[in-house]
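Asker:
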Amino acid sequence: MAGPEHGSGPETPAGAIPDAHISEHVRERLDEDPHLEDGAIDIDVKDGEVTLSGLVDHPHDKQRAEECAGSVRGVVGVRNNLRARPHPVPPQSDLA
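This is the structure in structure tokens:
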């Protein structure tokens, strides 16, 4: 009588890091960065390629998030679909 095989999820090539583990490590890296808002970035991983989506506070945060994701072992590429939140323009001063 054969039982279910251990680890019967999607197969990964020998030595490859499972997408779920990559996703966890990318989340940890993003959460460790003090300039990025916790949990505001969605992460999807397929065959080692990370897709980032959501909103960040500043345009340079898009690059920070991409660098964090790309530094994780097992990541083969990063698709950066992040958008910077629009910031209201401060009213002009009446001082002229």
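If you read the sequence shown in this note's numbering, its first letter stands for residue 17, the second for the next number, and so on. Here a beta-carbon is modelled for each residue, glycine too, at the ideal position from N, C-alpha and C. The model shown is predicted, which means the values in this text are computed figures rather than measured ones.
Between the alpha carbons of residue 41 and residue 89, how many angstroms are there, rounded?
Answerer: If you take the alpha carbons of residue 41 and residue 89, they lie about 8 Å apart.
Asker: Residue 23 to residue 35, Cα distance in whole Å?
Answerer: Only weak support is given to the placement of residue 23: the predicted model assigns it a pLDDT of 44, under 50, and the question is left unresolved by the model.
Asker: Rounding to the nearest angstrom, what Cα-Cα distance links residue 51 and residue 32 in this structure?
Answerer: Approximately 30 Å between the Cα atoms of the pair.
Asker: Under a three-way DSSP split, which group does residue 94 fall into?
Answerer: Residue state, collapsed to three classes: strand.
Asker: At what residue ranges does the stretch 36 to 91 contain a whole run of the beta strand (DSSP E), taking only runs of 3 or more?
Answerer: If we require 3 residues or more, the beta strand (DSSP E) runs fully inside the stretch 36 to 91 come out as 57 to 62, 65 to 72.
Asker: Identify which residue in 74, 93, 49, 48 has its Cα closest to the Cα of residue 68.
Answerer: Comparing Cα-Cα distances from residue 68 to each of 74, 93, 49, 48, the minimum goes to 93.
Asker: Nearest by alpha-carbon distance to residue 72: which of 83, 38, 102 is it?
Answerer: The option with the nearest alpha carbon to residue 72 is 102.
Asker: What's the call for residue 100, buried or exposed, on a 16-neighbour Cβ count within 10 Å?
Answerer: Exposed, because fewer than 16 other Cβ atoms sit within 10 Å of the Cβ of residue 100.
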